[in-house]
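Please read the structure below before turning to the comments.
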Amino acid sequence: MSRRPFSLSALAPLAGVALLALAGCTTPASNDPSRLGPFFTPVNHAGEADLHGIRRVVVLPVCAGEIAPPETALAFDPEFIAALQQQNRFEVVVLSRDECQRKFHVGEFSSAAALPHDFLGRLQHDFAADAVLFVDLTVFHAYRPLALGLRAKLATIEHPRIVWTFDNVFSAADPAVANSARHHYLDSDRGGVPADLSPAILQSPARFAGYAAAAMFATLPPVIAPAPPVSTAQSTAKR
Numbered sequence: 265m266s267r268r269p270f271s272l273s274a275l276a277p278l279a280g281v282a283l284l285a286l287a288g289c290t291t292p293a294s295n296d297p298s299r300l301g302p303f304f305t306p307v308n309h310a311g312e313a314d315l316h317g318i319r320r321v322v323v324l325p326v327c328a329g330e331i332a333p334p335e336t337a338l339a340f341d342p343e344f345i346a347a348l349q350q351q352n353r354f355e356v357v358v359l360s361r362d363e364c365q366r367k368f369h370v371g372e373f374s375s376a377a378a379l380p381h382d383f384l385g386r387l388q389h390d391f392a393a394d395a396v397l398f399v400d401l402t403v404f405h406a407y408r409p410l411a412l413g414l415r416a417k418l419a420t421i422e423h424p425r426i427v428w429t430f431d432n433v434f435s436a437a438d439p440a441v442a443n444s445a446r447h448h449y450l451d452s453d454r455g456g457v458p459a460d461l462s463p464a465i466l467q468s469p470a471r472f473a474g475y476a477a478a479a480m481f482a483t484l485p486p487v488i489a490p491a492p493p494v495s496t497a498q499s500t501a502k503r
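Quick note: to get the working numbering, add 264 to the position in the sequence shown (first position is 1).
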């Protein structure tokens, strides 16, 4: 008997049951692991000291490849965009899957794949962008314990170079990851619901992806403002 491919929509009824089951729970106690930890800190990432004046970045669709169905990657796109915008590192310009298909005849690009010869030039021309951000799925387990592997690269467009890279796996089987995911949910806007619904993030691939994206983008290089110029009067006063 053939198995139907996994779809996030198939989990909607299960998520509803889970939320109802959790509705009677109160907010986590002060000694709950979601408040105290231990928490997960991604370690496999590298970046330059700062963003060097990168102001506008084109964000490509999440590349699922053979790791996950197309509808899963499509559902993840807004989660990653929202998490990136929360960091407020630069202006985010979204290249949708439809637009990517129209411009380059594919719906997504892997950070490890060869790019069209005019790819960076067209991004710079069409979006006046300084850099482009790639995000790949490397691991995806849709059922408990959830697991999501993410690889990302931020590359400049003019004089291309890699500014930041990331490659980690988030597994809810790791208590530190589960605690961090729940903590992320508790810190988010829960609409004033007093019940503890944080365990639901460990049952929802999209919500779990939102946590993983936030943890990933938190490792981006900082924005360091240039020092203000010293006026002649100030310089003379110091002497």
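Note that CB positions come from ideal geometry on N, CA and C, so glycine has one too. These figures come from a predicted structure and were not determined experimentally.
Among the options, whose alpha-carbon lies nearest the alpha-carbon of residue i?
| i | options | result |
| --- | --- | --- |
| Phe-391 | Val-321, Ala-473 and Asp-460 | Val-321 |
| Phe-404 | Ala-332, Val-358 and Pro-297 | Ala-332 |
| His-447 | Asp-438, Arg-471, Ser-298 and Thr-291 | Ser-298 |
| Pro-302 | Phe-481, Ala-445 and Asp-451 | Ala-445 |
| Thr-305 | Asp-451, Asn-432, Lys-417 and Glu-343 | Asn-432 |
| Ala-470 | Tyr-449, Asp-362 and Pro-485 | Tyr-449 |
| Ala-337 | Asp-451, Val-399 and Tyr-407 | Val-399 |
| His-381 | Ser-375, Phe-368 and Ala-393 | Phe-368 |
| Leu-412 | Ser-374, Ala-395, Thr-402 and Thr-420 | Thr-402 |
| Glu-330 | Ile-465, Ser-374, Arg-319 and Leu-418 | Ser-374 |
| Ala-339 | Ile-421, Ala-464, Asp-460 and Ala-406 | Ala-406 |
| Glu-422 | Ser-435, Ala-437, Leu-387 and Gln-351 | Leu-387 |
| His-309 | Ala-440, Arg-415 and Asp-394 | Arg-415 |
| Asp-341 | Leu-397, Val-307, Ala-376 and His-389 | Leu-397 |
| Ala-346 | Ser-452, Ala-395, Ser-462 and Ile-318 | Ser-452 |
| Ala-437 | Thr-483, Arg-361 and Leu-466 | Leu-466 |
| Leu-209 | Thr-483, Ala-419, Ser-360 and Gln-350 | Residue 209 falls outside the range modelled here, since the chain spans only 265 to 503, and no answer is possible. |
| Ala-377 | Lys-417, Gln-350, Arg-408 and Ala-476 | Lys-417 |
| Gly-408 | Ala-393, Ala-464, Asp-394 and Asp-460 | Before going on, a small fix: residue 408 reads as Arg here, not Gly. Nearest of Ala-393, Ala-464, Asp-394 and Asp-460 to Arg-408, Cα basis: Ala-464. |
Just to confirm my understanding: we take residue i, look at its own chain, exclude 5 residues before and 5 after, and list those with CB closer than 6 Å. What are they?
| i | result |
| --- | --- |
| Glu-372 | Pro-325 and Cys-327 |
| Asn-443 | Pro-297, Ser-298, Gly-301 and Phe-303 |
| Leu-348 | Val-356 and Phe-481 |
Whose C-beta lies closer than 7 Å to the C-beta of residue i among residues of the same chain, with five residues either side of it excluded?
| i | result |
| --- | --- |
| Val-487 | Asp-314, Leu-315 and Arg-353 |
| Pro-485 | Gly-311, Glu-312, Ala-313, Asp-314, Leu-315, Val-427 and Trp-428 |
| Gln-365 | Gly-371 |
| Leu-410 | Ala-436, Leu-466, Pro-469 and Phe-472 |
Output the boundary residues of the alpha helix (DSSP H) element that contains residue i.
| i | result |
| --- | --- |
| Glu-363 | 361–368 |
| Val-441 | 439–451 |
| Phe-472 | 469–481 |
| Pro-297 | 297–300 |
In terms of DSSP beta bridges, what is residue i paired with?
| i | result |
| --- | --- |
| Leu-414 | Leu-401 and Asn-432 |
| Glu-355 | Arg-320 |
| Ala-395 | Val-321 and Thr-420 |
Starting from residue i, trace the beta strand (DSSP E) in both directions and tell me its first and last residue.
| i | result |
| --- | --- |
| Ala-310 | 309–311 |
Mapping the DSSP letters down to three states, classify residue i as helix, strand or coil.
| i | result |
| --- | --- |
| Ala-376 | coil |
| Thr-420 | strand |
| Ile-345 | helix |
| Asn-465 | It is worth fixing the name first, because residue 465 is Ile in this sequence and not Asn. Ile-465 falls in the helix class under three-state DSSP. |
Between which residues of its own chain and residue i is the CB-CB distance below 8 Å, once the five residues before and five after are set aside?
| i | result |
| --- | --- |
| Ala-285 | Residue confidence for Ala-285 is low, a pLDDT of 46 falling below 50, so the modelled location carries little weight and cannot support an answer. |
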